[in-house]
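Trainee: Take the sequence shown: its letter number 247 is residue 247 in full-length UniProt numbering, and every next letter is one higher. Cβ atoms here follow ideal geometry from the backbone N, Cα and C, with glycine treated the same way. Take this structure first; my questions come after.
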Amino acid sequence: MSETTQESSSNENAEADAISEEDRKFFQDYLKETEQRLAAKEEIRAGNVNVIRPPDSHFSKLDSSLKRNTTFVKKLKTFSGTQLDMFLKDMVNLNLTKYVSEVATALVDAKLKMTDVAPAIKACSVLHQTYAEFSTHFFENWQKILSFKVGDKITNPSKLRIDLRFYAELINAGIFTHKQGLPLLGSVLTVLINMDKEEHNNASIILSFCRHCGEDYAGLVPKRIRELSEKLNIALPKSKLLTPDKQQNVKSLLRDYYNSLCKHLFKEHKELQAFEKQNRKILQTRGELSSERKEKLEALQLSYERLLSSVQSFSDTLDEPMPELPVDNEVKTETEESLKMISEGEENSIMEDMWGDEETRRFYEVLTDLSVFLPGSYAKEPPKQEKADAAITEEVLDEDLTFEELEEVEKPAEEVEAEVEEPQVSNISNKILLDAFLSHLPNCVNREMIDNAAVDFLMNLNTKHNKRKLIKALFGVSRIRLDLLPFYSRLAAILQPVMPEVGNELCLMLKHDFKYHVHKKDQINIESKIKVVRYIGELVKFKLYSKIEALYCLKVLLHDFTHHHIEMACNLLETCGRFLFCSADSHQRTKVYLEQMMRKKAVTALDSRYVTIIENAYYFVNPPESTGNVARKDRPPVHEFIRKLLYQELSKTNTDKVLKWMRKLDWEDEALASYAIKCLTAAHNVKYLNIRCVGSLLAGLVAHYEAVGPLVVDGVLEDIRLCMEINLPKYNQRRIAMVKYLGELYNYRMVESADIFRTLYLLITFGVSTEHAAAPSPLDPPEHLFRIRLVCTLLETCGQYFSGGSSKKRLDYFLVFFQHYYCFKRADPVWSQSSDNPFPVGIDYMFRDTLAMLRPKMRLFESLKEAQVAVEELRATLYPNLCSSSELAATAEHQEEPEGGPGDMSSIPELPEDELATDKPAEHLHFEEDLSEAQSEEEDWTNEANERDERDERDERDERLQGTQDNDNTQGEQSLSEGCCPNGAGGGVLMDTSELVAALPAAPKRLHCPEDDDFLSALDKMVSDNIQDRMRDAVKPQQVDISVPLHVKSTKKTYEQLQEGPSDSSTMDFVLMLRKGNKQQYKNLAVPVSSELAMNLRNREQEQKEEKERVKRLTLNITERQEEEDYQEAINQGTRPVTVNLNRERRQKYNHPKGAPDADLIFGPKKIR
C-alpha cells in the first residue's frame, strides 16, 4: 500500500515538474487577480446591501441650484472612467433629490466603453447609498432598454453588449436585489439565445457576457486555468453571487447556444467544401473562374472563418471540446498523394530536383577524405556543445514567437569573444605560412583549389592558434565576396571530420550575428545581413548548420516581414530553400513557411521590388509543376519555323505575309508537306481569336496547292470524331477550337454544308441514350453538357449562312432534333430543381441565344414531351412509310443493323455527298444575292439556268433510285431534309409541292436597283475616257532591224554595177558585226539563197514592197477623190441663187443708254459713195 502511495505521489510530482515556470507564474497571477476582484466585488455588494443613508438635514446643506444640477446631469450622459473623481466630488456637493430620475436616465443612456463599466458601478453605488429612490428609477429605465421580444431587431449590438455587462455588474454590486434584477437578466439572455440559433448574429454579445460575467453567473473557468489547477492540485476561488444550481442553469443555456453554433459551423463547412469542389471541377473543365464565383468564395470563406473564431472562443470560455470538422476525401487524398510523392518518390528524381545537376550535387556531397592523411591511431572526439546554445527543436518551431524571445539575443561573436593572448610562435616561418595561407584563401574559387587548401592546412598548419585564426578568417569574409561563401563552407565541411571545432564555431558565430542583426532592426548594413543568411544557407547544404535552426531563422524573419527582413528571408530561401523543400524531414515545414510568406505578401502593401524578389524566391523553391515535367521536343528548324508562323506570328493583320511564307515551303517534300498539314489541322494550338485567320490562310493556300485542303478537312473531322469517342475533360478546349475551325472552313468554302450537318447530327446522336431509365452512356453521361456547347459554337460560327433554299429547311429540321436533345438533357433526374445541383444557367443562356440568333421568331419547346411530339410529327412527315408499314420497318432494321435498340435514336439518317444534288455549295450561299443582282436580262442565261435545273432534277431522281438499291454505300441512312424513304419502297418523292419548290434551287432573277444604273454610267464614262486617251497617244513604229553601219551605208553602187546585177545568184551577201575589245569589226558573209535566213529576208522584203504599193494606190486614190469633191462643190456654188439682205438699210440706229455722243454731229453726215 505504501509503495502505491509513493508511486502516485511521485507521478504527481513528475507532472508538477513538467509544468513550465511560465505556466506556473501565469496561474499564480490569475489566482491573485481573481481573489482581488472577488474581494472588491464582495466589498461593494456589502456596502450596497447594508446601506446607511444620510438624514434629510444633510441635503439642506448641499447646493440645490438648477444650473449646477442640470449641468451635472448633462455631464453624466458623457460619462467616462477618467472623470470619476470629478463626478464623485460633484455628487458630494450637490443636492440631487429632485433630479434622481434624470440622473438614472442619463446613466442608462450614456455611451460607455468596457473600461468605463467599473467606474460607473462605483458612481452608481454612491448614488444608491445616498438616495433611496435611485435604484427604483434606475431599474425602471433598465426595463425600458432591455425589454424586447424574440422577433425584435437589435439596432445597436455594440451598446447592448456593454449594457448587458453593466446591468449584470449592477446586480452583482447589490444595487438591484436578486428578486428584482435576475428575472430581467434571465429574460434578456433567453431571448438573445432563442432568437439567434440559426444566424448567430448575437454571438459577440453572448461571448462578451461569458468572458466578463460568466464566472459570477455560470461558474465558468477557462480551459487552460482548469488544466493548470488540476495539474497543480490547487482549488480555484469561486463567486458566491449565485448558488451552484442557478449557475448550472445559466451554463446549460449557454451550452445549448454553443451546440447550435457548432451545427451552424458544420453547415457552413459543408457548403464551403461543396462550393470549392464545384470550383475545382470548373477549373478542370474551363480553366478559369468567373468573378462572381470568386467573390462568393471569398464571402463564404470570410463567414466561415468568423464563425470558426467564435466557436473556438466559446470552446475555450465554456471549457467545451472543439468539434472535429470532416475533411473532404478529395482534398485529403490530394494531400496524402503529395506527401507520399515527397516521402516515397524516386530518390534519383528528388536528388536531381534538389541540386539541379550532377556537378552541383558532387560539389556539396562528394568531399575529400582527410583521414587518409592522418596516422592510423588518430581518433578525434567531437567537442561538446556549450550549454548556453540550446538546440532548436521541432516543439520550439511549433510555438509562437514572443517579444521576449526575440529580445534574448547577444552581440556578434567577434564582439563577445574576449581577446585571447597569442602564444609565442617559436618558428617564425609558421606565422609566415599562415599569413600566406590566409591571403591566398580568397583566391580559391574552384573545387580543386579549396580541396588543396584544406589538405595544406591539415598537414602544415594544424595548431590550436591557427584554427582560431582560420575561424576568424572564414567568418570575416568580405560582404561583397558572396562568391566565396560556397567554397569557404566546403572548406569547413572538409575539415569537419578531423577538426569539428572549425565548423561548430563558425555556425555559432553566424547564429549570434544573425540574432544581432534581427534585434538591431536598423536599415543599414544590408550587405552584411545578406552575407550572414547566405552563409547559413551554404552551411545548411553541407549539413553543418541544422535544418531546424535554419527554419527557425526563416520563422524569425517572417515574424517581422518588413524591409531588410524581406531581403534576408528571400536570400535564405534562394540559397538553401530548395534543399529544405526537397528534404523529407523539412519539406512540410518549408511548405508552410512559403505559404505564410505569400499570404503576408498578399495582405501587405509592399514595394514592387519586394514583390518581385518574394515571387522569385517562392518559385525558385517551389517551381510550377509544368516546368519540370514537360520535356521539350527536338524539332528540325523548318518545323519550328512553321510552328512559329502559325501559332505565334499569325494574326489578322499579317495573314497575307504568313501566306507568302507558307507558299515558299517545299511542298514537293512529302515529310515537310505532311508536317505542315498536321500543323494546319491542329487549330487548337492557335489562339481562339486567330482560328479564323487559319481558315483564311488555308483558303489562300488551297488556291495554289489543291491537295492540302481535303487532307486538312479530313484531319479536322477525324479529330472531332476521335474526341467524341475518348470524351475526356482535358480535351474540352481542344474540341471547342476544332469545332470553331470547322465552321470557319465552311465560311471560307472549304467544306460543303452536308459536312456541317453531318457533324451536327453526330454531336447529338453519337453514343446518346434517349431513355432516362436506361444505363447512362459513357460517351455522353447525363451530367455531361459539353456537346450542347459544341453545337452552339458551330452554329454561331456558320449557322447564319443557312438562310435560304434547302439549307434553311435542313437547319429547321435539325433545330427540332437539337431542342429534343436539350430538353432530354435538362429533364434528366441528375439535375434537381432545388439549389443542390441545378441545371447550369450558362448552358441555358447559350442555347437560347444561339437559337435566337438563327431563328428569332422560333418558339422554343418548354418540355421534353412537347419536343418528343414535334420529333414524331417530323418523322411522320418525312417517313410516312416507316410509320405505317411494320414490315418495311423490320426490313430496314435488318438491313441497317443499328448499334442501339429499335427505340434508340443512334444517328440521324443523312445522304452522302454525291446525293446532295439540290444542296447549294458554300459559294452559292455566300454570293447568291451578288450573282442574282449581276445577272443579265438575256434570255439565253435564263434558258441555261432552266436547263440546269431540269438536269439536276433528273440526276436527283436517278440518284434516289440508285440510293434505294445501294444499301452498302448509304448504310440505310439518308438526309432528313431530302425527304426520301430509307427503305426504297416505291422510290417516289414524299414531299409536297411547296416543300419541293423550297428545297430545289430557283433560276436567277433580275432585280432592278439604282446601283446598276450608276454602275453602267460609270463604266461608259471610263470606257470613253480610255478611248480618248488611246487616240491621243502617238503610234510609234517598232524598230526591229539593227541600224546599218555607216561605212556600209556610204558604199553606193554605180549605175553600171546595178545594171550588171549580182555576180553569183546562188548566194546572198550579209555583213556580220563583231566586237573585239572596244572596237566593232565587220565581215562579209555569203549565205546560200536556199537558207532559212535568206528566204526570210527575201519574204520580208517582198511583203514590205507589196505594202508600199498598196499604200501608194490608196494615196493616189485619195488625191483623185478630193479633186473630184472640190470640182462638184464648185459646180454647186455656181448654180446656187444669190441672196441679198434688203432690211440692212432699215435697221434702227443703236442709242447708248448713257447718252453716247452722236458721230454725225461731230464728224458730219456719212457720205454714201
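1) Terminal residues of the continuous alpha helix (DSSP H) containing Val-1023?
2) Which partner residues of Leu-1074 appear in the DSSP bridge assignment?
3) List in chain order: all unbroken alpha helix (DSSP H) runs of 4+ residues lying wholly within the segment 578-615.
4) In three-state DSSP terms, what is Pro-829?
5) What number of angstroms, rounded off, separates the C-alpha of Glu-910 from the C-alpha of Val-751?
6) For Leu-557, which residues in the same chain have their Cβ closer than 6 Å to its Cβ, ignoring the five residues on either side in sequence?
7) Which of the three DSSP states, helix, strand or coil, is assigned to Leu-84?
8) Rounded to a whole number of angstroms, what is the C-alpha to C-alpha distance between residue 1172 and Leu-785?
9) DSSP three-state call for residue 1182: helix, strand or coil?
10) Could you check if Met-86 is buried or exposed, using at least 16 other CB atoms within 10 Å of its CB as the buried criterion?
11) Comparing alpha-carbon positions, which option in Thr-1119, Lys-25, Glu-1129 and Tyr-99 lies nearest Val-73?
12) What does the alpha-carbon distance come out to for the pair Pro-119 and Leu-112?
13) Any idea which residues DSSP pairs Ala-1086 with across the strands?
14) Look at the alpha carbon of residue 1192 and the alpha carbon of Ser-1017, and state the distance between them as a whole number of angstroms.
15) Report all residues from its chain with a CB closer than 7 Å to the CB of Glu-744; omit the five preceding and five following residues, and keep chain order.
16) Can you give me the C-alpha to C-alpha distance between Asn-1132 and Met-1068, rounded to a whole angstrom?
17) For Asp-513, does the three-state DSSP call read helix, strand or coil?
18) Compare the Cα-Cα distances from Ile-494 to each of Ile-471, Ser-1024, Val-455 and Glu-320 and report the closest residue.
19) For a test of the three-state rule: what should DSSP assign to Asp-456, helix, strand or coil?
20) Terminal residues of the continuous alpha helix (DSSP H) containing His-639?
21) How many angstroms separate the CA atom of Asp-357 from the CA atom of Phe-475?
22) Take Leu-485 and list the residues in its own chain whose beta-carbon comes closer than 6 Å to its own, dropping the five residues that flank it on each side.
23) When we look at the beta-carbon of Arg-589 and count the other beta-carbons within 10 Å, is it buried (16 or more) or exposed?
24) I need the DSSP call for Asp-63, collapsed to helix, strand or coil.
25) I need the straight-line Cα distance from Leu-697 to Met-724, nearest angstrom please.
26) Around the C-beta of Lys-294, are 16 or more other C-beta atoms found within 10 angstroms, so that it is buried, or is it exposed?
27) For Asp-109, which residues in the same chain have their Cβ closer than 7 Å to its Cβ, ignoring the five residues on either side in sequence?
28) What alpha helix (DSSP H) runs, 4 residues minimum, are completely inside the segment 124-186?
29) Classify residue 1218 as helix, strand or coil using the three-state DSSP reduction.
30) Just confirm the distance between the C-beta atoms of Met-858 and Leu-864, as a whole number of angstroms; I'd bet it's less than 8 Å.
31) Would you tell me roughly how many angstroms separate the C-alpha atoms of Ile-19 and Phe-26, rounded to the nearest one?
32) On the three-state DSSP scale, how would you describe Thr-243?
33) To the nearest angstrom, how far is the alpha carbon of Ala-870 from that of Phe-814?
34) For Thr-993, which of helix, strand or coil comes out of DSSP?
35) Classify Glu-947: buried if its beta carbon has 16 or more other beta carbons within 10 angstroms, exposed otherwise.
36) Between the C-alpha atoms of Ala-849 and Cys-1009, what's the straight-line distance to the nearest angstrom?
Mentor: Let me spell this out:
1) 1010-1032 is the span of the alpha helix (DSSP H), which, as asked, contains Val-1023.
2) Gln-1081
3) 587-603
4) Pro-829 sits in coil when the DSSP states are folded into three classes, being neither helix nor strand.
5) Confidence at Glu-910 is low in this model, with a pLDDT of 44, below 50, so its placement is unreliable and no value can be given for it.
6) His-565, Met-568 and Ala-569
7) Here Leu-84 sits in helix by DSSP.
8) Nothing can be reported for residue 1172: it is not among the residues displayed for the chain, which extend from 1 to 1169.
9) For the chain, the structure presents residues 1 to 1169; residue 1182 sits outside this window and is missing.
10) exposed
11) Tyr-99
12) 10 Å
13) Asp-1069
14) Coverage of the chain is limited to positions 1 through 1169, which leaves residue 1192 absent and any answer about it impossible.
15) Ile-691, Arg-692, Gly-695 and Thr-797
16) 60 Å
17) In this structure, Asp-513 counts as helix in the three-state DSSP scheme.
18) When only C-alpha atoms are compared, the closest one is Val-455.
19) helix
20) 637-644
21) 29 Å
22) Arg-534, Tyr-535 and Glu-538
23) buried
24) strand
25) 27 Å
26) The residue is exposed, with fewer than 16 neighbouring Cβ atoms inside 10 Å.
27) Lys-77
28) 134-146 and 157-172
29) Residue 1218 lies beyond the stretch modelled for the chain, which goes from 1 to 1169, so this question has no answer here.
30) Met-858 to Leu-864, Cβ: 18 Å. No contact.
31) Between the alpha carbons of Ile-19 and Phe-26 lies a distance of about 11 Å.
32) coil
33) 12 Å
34) The predicted position of Thr-993 is uncertain, since its pLDDT is 47 and thus under 50; a value taken from the coordinates is nonetheless stated next. Three-state result, Thr-993: helix.
35) Here Glu-947 scores only 47 on pLDDT, less than 50, and its place in the model is too uncertain to base an answer on.
36) It is Asp, not Ala, that sits at residue 849 in the sequence shown. When rounded, the distance between both Cα atoms is 35 Å.
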